[in-house]
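Heads up: the sequence shown is residues 0 to 294, going by numbering that gives the first Met the number 0. Glycine is no exception: its CB is placed at the ideal position from the N, C-alpha and C atoms. Take a look at the structure set out below.
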Amino acid sequence: MYLIVGAKGFLGSYLIKNILEKTDDKIIATDIHIDKQEDTKRVRWIEADITNNDDIKKLNEITRKDDNLKIIYLAAYHHPDLVLKNPKIAWAVNVIALANFLNIMDNVKALYYPSTEVVYGTNTDNKKFTENDRLCPSNKYGEHKVIAETMVKSYGYNVVRFPVLMGKSLAKGKKHFFDEIIETLQSGNTIEMFTDNLRSIIDFNTASKLLIDLIENPLARQYKVVNIASDNGISKYDFALLIAQKYNLDKSKIIPISMDDKNQKIFTAKRAKETLLDNSLLKQILNISTISFEI
Numbered sequence: 000m001y002l003i004v005g006a007k008g009f010l011g012s013y014l015i016k017n018i019l020e021k022t023d024d025k026i027i028a029t030d031i032h033i034d035k036q037e038d039t040k041r042v043r044w045i046e047a048d049i050t051n052n053d054d055i056k057k058l059n060e061i062t063r064k065d066d067n068l069k070i071i072y073l074a075a076y077h078h079p080d081l082v083l084k085n086p087k088i089a090w091a092v093n094v095i096a097l098a099n100f101l102n103i104m105d106n107v108k109a110l111y112y113p114s115t116e117v118v119y120g121t122n123t124d125n126k127k128f129t130e131n132d133r134l135c136p137s138n139k140y141g142e143h144k145v146i147a148e149t150m151v152k153s154y155g156y157n158v159v160r161f162p163v164l165m166g167k168s169l170a171k172g173k174k175h176f177f178d179e180i181i182e183t184l185q186s187g188n189t190i191e192m193f194t195d196n197l198r199s200i201i202d203f204n205t206a207s208k209l210l211i212d213l214i215e216n217p218l219a220r221q222y223k224v225v226n227i228a229s230d231n232g233i234s235k236y237d238f239a240l241l242i243a244q245k246y247n248l249d250k251s252k253i254i255p256i257s258m259d260d261k262n263q264k265i266f267t268a269k270r271a272k273e274t275l276l277d278n279s280l281l282k283q284i285l286n287i288s289t290i291s292f293e294i
């Protein structure tokens, strides 16, 4: 059985889809509000606030009798600007709640904690970060993730680090930036995209499949941290061009901008200009030769 904590988001929605397609497992999916979710034969939704220890204890009672409990912990206060603006709330969600969850849950077969490229900081000259490189987070959100990773590993569980994730939203009532790009171009409006913000972008569908493959491979659990990323670095501008090409939209409406432009005040929290991830360990574990993104 899978327990997905914080399952209503973009990645959680794809994980549910692909667990159902790739395994025979049942799923318990949780989120703080689940009013628009519906149970199925294999998916049970439970409303749970991970900052409430009573809710965590309830999840533990529901799942503790399962001998093959696999947990994916997605809950996070994750927007870097909001973390900077609301540090106490972010700390309560990203650190304290996770610590309590790890301490309360028992009879866990596997737990995977999705982390982020932000823990690495910035690199240059197309160097790719490996799992063993020194961590130098770009902002407070990244610092929280480093602490969270340390806790997860100390309990004997596993961490995966994702780059920027893109793709059409499967989450009810939520639009991803991918959808906004399409809608903006379809409406004939312009959209600004960074040309020098290089990332090992991967789509939600591919990322979720690879994570499930890791979880379903018991031998993979010896590798406590694994990067899940595509093979090639790409700027958000070039990625937007590929979206426009895919959906026959006007590429001229995508306006190139630079992170070095002093007039840009899009972000409050500091962002790394270039963060590329080495995915060779993932390929070795899963015995695959290439990892590309889908549009």
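Buried versus exposed call for residue i [16 or more other C-beta atoms within 10 Å across all chains shown]
i           : result
residue 120 : buried
residue 166 : buried
residue 218 : exposed
residue 216 : exposed
residue 253 : buried
residue 162 : buried
residue 188 : exposed
residue 246 : exposed
residue 20  : exposed
residue 289 : exposed
Rounded Cβ spacing between residue i and residue j (contact assumed at less than 8 Å)
i           : j           : result
residue 144 : residue 118 : 5 Å
residue 158 : residue 152 : 6 Å
residue 8   : residue 29  : Actually they do not touch by this definition, with Cβ atoms about 12 Å apart.
residue 92  : residue 50  : 6 Å
residue 199 : residue 275 : 5 Å
Candidates the options, of which the one nearest residue i by Cα
i           : options            : result
residue 114 : 256, 10, 251, 233  : 10
residue 206 : 123, 142, 15       : 15
residue 66  : 25, 39, 54         : 25
residue 108 : 37, 2, 74, 170     : 2
residue 112 : 288, 150, 125, 186 : 150
residue 191 : 27, 20, 56, 256    : 256
residue 110 : 82, 245, 155       : 155
residue 235 : 180, 285, 44, 249  : 180
residue 243 : 222, 186, 55       : 186
residue 277 : 250, 287, 231      : 231
Residue j beta carbon less than 8 Å from that of residue i
i           : j           : result
residue 273 : residue 204 : no
residue 281 : residue 224 : no
residue 88  : residue 76  : yes
residue 69  : residue 214 : yes
residue 58  : residue 47  : yes
residue 79  : residue 138 : yes
Segment limits, beta strand (DSSP E) that includes residue i
i           : result
residue 116 : Looking at the DSSP string, residue 116 is not in any beta strand (DSSP E), and its letter there is neither H nor E.
residue 39  : No beta strand (DSSP E) holds residue 39; DSSP gives it neither H nor E.
residue 161 : 157-161
residue 0   : Note, residue 0: premise wrong, no beta strand (DSSP E); not H, not E.
residue 226 : 224-226
Extent of the continuous alpha helix (DSSP H) run through residue i
i           : result
residue 212 : 203-214
residue 79  : 79-84
residue 107 : Careful: residue 107 lies outside any alpha helix (DSSP H) and carries neither H nor E.
residue 239 : 235-245
residue 140 : 139-153
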